[in-house]
Amino acid sequence: MSWDAVLPNRLDLARLQTPIIPLPKSTARYGGARLWMKRDDQTGAAESGNKIRKLQYTVAEALAQDADVLITCGGLQSNHARTTAVVARRVGLDIELVLRGEAPKRAEGNLLLDAVLGAKLHFLDPEAYADKDNVMLARAEQLRAQGRRPFVIAEGCSMASGGWGYIEAMQEVVAAERELGVRFDAVVSAVGSGGTAAGLELGARLTGFKGQCIGVPVCDTAAFFRTRVAELAEQTTRAYNLPVTIDPADIGLLDGYIGGGYGVTHPDELAVLVQLAKDDGVLLEPVYSGKAFRGLTRELDGRFADAQNILFIHTGGIFGLSAYASDLPAPVPA
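Here the working numbering runs 1 ahead of the position in the sequence shown, where the first position is 1.
As structure tokens, then:
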């Protein structure tokens, strides 16, 4: 299908297409399917990770509406918030972030970068953050009253325009299959706000991808995300008149790997993260990619027992790793 008639404007901010590499030592360690990784942690430097793919489309929309300030939200170590702050500064916009949690005495990781970038930070306790969408809309109204032109970006950039980021990524996956001479039986990624999963599901159908898209929730349940991902996909199909219908029952999800909950680490998750670094020289982070990769490795003789090749999408987040330093192994003395 040609999407020229409906493809929205996109800023050229990310380093695409990202490479796909084999993970030979991890494949040997865990057995089963051959493991591959799409390095979406290499979409940039300070803006690295999966969010920049979505933001290229959504911030283009904001600029088309003559916005002068972006407002978005996330946890204290939100990769999305950090990436949005970088993008805002790159295109000359101000940035305000609504963050879940208390202001720490010492900023680190993504939060440190938010501060360096000069983002205006609004800290909310978990109860108040549950109403984040209305909080952002209320702040936008305050700014309009001051003569500003705010544009609100949903958590994780999980919104209609953001869906194009991973439609585009799936085009890259299908092209890589041809180039590598490989058929991926499954594409596996973490699911946090649902936008990446929705884009992948749409992209799979639009490109004719023959494998499965499997999301590993890092918060909430598979039942929640079946509805959420289907709703996000429908927002994109409705906004751009795409010839795709997605039944929530057809959305691939792998439940049971959220561990202690969103942002809460577990020794088993960290062990898998550290082992991948030692085996194949790839660094994950504990909130998203670490949980998802653990889920993948645990299901190689289960959900993925019949797979020959599996592609894991590294969604970035290395800056947040420093916030979990006390949970990680201590340096080994010489």
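C-beta atoms are modelled at their ideal positions from N, C-alpha and C, and glycine is treated no differently.
This one's a predicted model, so the numbers in the text were calculated from it and none came from an experiment.
**Message:** Here's a check: name, in chain order, each residue in its chain whose Cβ is nearer than 6 Å to the Cβ of ALA293, leaving out the five neighbours to either side.
**Reply:** ALA191, VAL217
**Prompt:** Mapping DSSP to helix, strand and coil, what is THR84?
**Reply:** helix
**Message:** Using C-beta distances below 7 Å, list every residue in its chain close to GLY193, excluding the 5 sequence neighbours before and after it, in chain order.
**Reply:** GLY157, VAL219, CYS220, TYR289
**Message:** Please list the terminal residues of the continuous beta strand (DSSP E) segment that includes GLY76.
**Reply:** 70-76
**Distance between ARG54 and ARG11 (C-alpha atoms, nearest Å)** = 9 Å
**Message:** Considering Cα atoms alone, identify which of ASP13, PRO9, ALA68, GLY110 is closest to LEU144.
**Reply:** ALA68
**Prompt:** What number of angstroms, rounded off, separates the C-alpha of VAL87 from the C-alpha of LEU118?
**Reply:** 7 Å
**Message:** If the criterion is Cβ atoms closer than 7 Å, does the pair ILE252 and ARG227 meet it?
**Reply:** yes
**Item:** Reduced DSSP secondary structure (H/G/I, E/B, other) of VAL136
**Value:** helix
**Asked** For CYS214, which beta-bridge partners are listed by DSSP?
**Response** VAL188
**Request:** With a threshold of 16 other CB atoms inside 10 Å of the CB of GLU180, please say whether the residue is buried or exposed.
**Result:** exposed
**Asked** When the Cα of ALA231 is compared with those of LYS106, ALA108, ALA161, which residue comes out closest?
**Response** ALA161
**Prompt:** Under a three-way DSSP split, which group does VAL153 fall into?
**Reply:** strand
**Item:** Three-state class that DSSP yields for GLU97 in the structure shown
**Value:** strand
**Prompt:** Whose C-beta lies closer than 8 Å to the C-beta of TYR31 among residues of the same chain, with five residues either side of it excluded?
**Reply:** THR298, LEU301
**Message:** Based on DSSP bridge pairs, tell me the residues matched to ARG35.
**Reply:** ASN310
**Item:** the segment 108-125 in contact with the segment 30-45 per 3-pair CB rule at 8 Å
**Value:** no
**Message:** Could you tell me the alpha carbon to alpha carbon distance between ALA331 and VAL275, rounded to whole angstroms?
**Reply:** 12 Å
**Message:** Can you tell me whether THR197 sits near the ligand SAM, meaning its C-beta is under 6 Å from at least one heavy atom of the ligand?
**Reply:** The ligand SAM is absent from the structure shown, which contains no ligand whatsoever.
**Message:** Given this structure, state the Cα-to-Cα distance separating VAL92 from GLY261, to the nearest angstrom.
**Reply:** 38 Å
**Request:** Look at the Cβ atom of ALA324, then the Cβ atom of GLY76, and state whether they are nearer than 7 Å.
**Result:** no
**Prompt:** Around the C-beta of THR28, are 16 or more other C-beta atoms found within 10 angstroms, so that it is buried, or is it exposed?
**Reply:** buried
**Prompt:** Are three or more beta carbon pairs between the segment 134-150 and the segment 167-181 nearer than 8 Å?
**Reply:** no
**Prompt:** What's the gap between the Cα of VAL7 and the Cα of TYR241?
**Reply:** 6 Å
**Message:** Under DSSP, the alpha helix (DSSP H) around LEU277 begins and ends at which residues?
**Reply:** 268-281
**Message:** Using 8 Å as the cut-off, can you tell me whether the segment 130-137 makes contact with the segment 47-62, which would need three or more C-beta pairs spanning the two stretches below that distance?
**Reply:** no
**6 Å CB neighbourhood of GLN213 in its chain, flanking five on each side removed** = ALA187, GLY253
**Prompt:** Do the CB positions of VAL245 and ARG304 come within less than 7 Å of each other?
**Reply:** no
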